[in-house]
Amino acid sequence: EDLIFAQKHLRALHELLLLFDVEKQDSNSIMNLAKAYYQIKAYRAAIVVLKRLFELMPEDVLVIEYLGVCYDHIKYVTDAIRVFEHGIVVHPEHAGYYFSLGALYEKVKEWNKAIAAFERAILYKHPSTVQLKERIEMLRKMQTGEHVHYTITMGAKKQ
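Per our numbering, the sequence shown starts with residue 18, numbered consecutively.
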């Protein structure tokens, strides 16, 4: 019930947003609307708001982060990659962007790019350095086919 009310409320806010000139509004309020959409998993609505904010503030760290993550949530991986690639151009030492890029490159099976992005994340002191080093090793093994060390069985197990 609360969720339905929240969705209707957010839809009304979204309609209001479209009526107002975003440039004359407080960017924090608009970002809060995007975050609210994100919280209820209304990623497409969040993207609409975030794209407007991105036009005004293309270097804003939070706008880049949320926009990239929202694209990823709706499986627009190429768009998410473009957002985070833009992110590392404007914030070349942002470890989180490299981490996100690595994960996205991994999704599209671009192992070399994933490894390079994860290595950059480590270089810029991402808090998951230990796990990233393990991930890089696994990706290197995947490139060589070495990771295939298990057997896949189909159907019922034989007794």
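Note that beta-carbon positions come from the ideal geometry of N, C-alpha and C, so glycine has one too.
Here Ala59 carries a coil assignment [DSSP, helix/strand/coil]. Secondary structure note for Met155: its alpha helix (DSSP H) is the uninterrupted segment 146-161.
Separation of Gly113 and Asp96 (C-alpha to C-alpha, rounded to the nearest whole angstrom) is 17 Å. A straight-line Cα-Cα distance of about 12 Å links Met159 and Glu151. With a contact defined as Cβ atoms closer than 8 Å, Leu118 and Glu136 miss out at about 11 Å.
Cβ-Cβ separation between Ile139 and Leu156: approximately 13 Å, too far for a contact (criterion under 8 Å). With a threshold of 16 other beta carbon atoms within 10 Å, Arg61 falls short and is exposed. Comparing C-alpha distances from Lys142 to each of His111, Asp43, Lys130 shows the shortest one belongs to His111. When DSSP states are grouped into helix, strand and coil, Tyr93 belongs to the coil group. Here Leu67 is near Leu84, since their CB atoms are less than 8 Å apart. Sequence-distant Cβ neighbours of Val94 in its own chain, meaning closer than 7 Å and more than five residues away, are Leu121, Lys124, Val125. Its chain contains Ile132, Phe135, Glu136 as the residues whose beta carbon lies nearer than 7 Å to that of Ile153, once the 5 sequence neighbours on both sides are disregarded; these appear in chain order. In the three-state reduction of the DSSP assignment, Glu102 falls in the helix class, which pools H, G and I. Following the DSSP letters along the chain, one finds Glu110 in no alpha helix (DSSP H), marked with neither H nor E.
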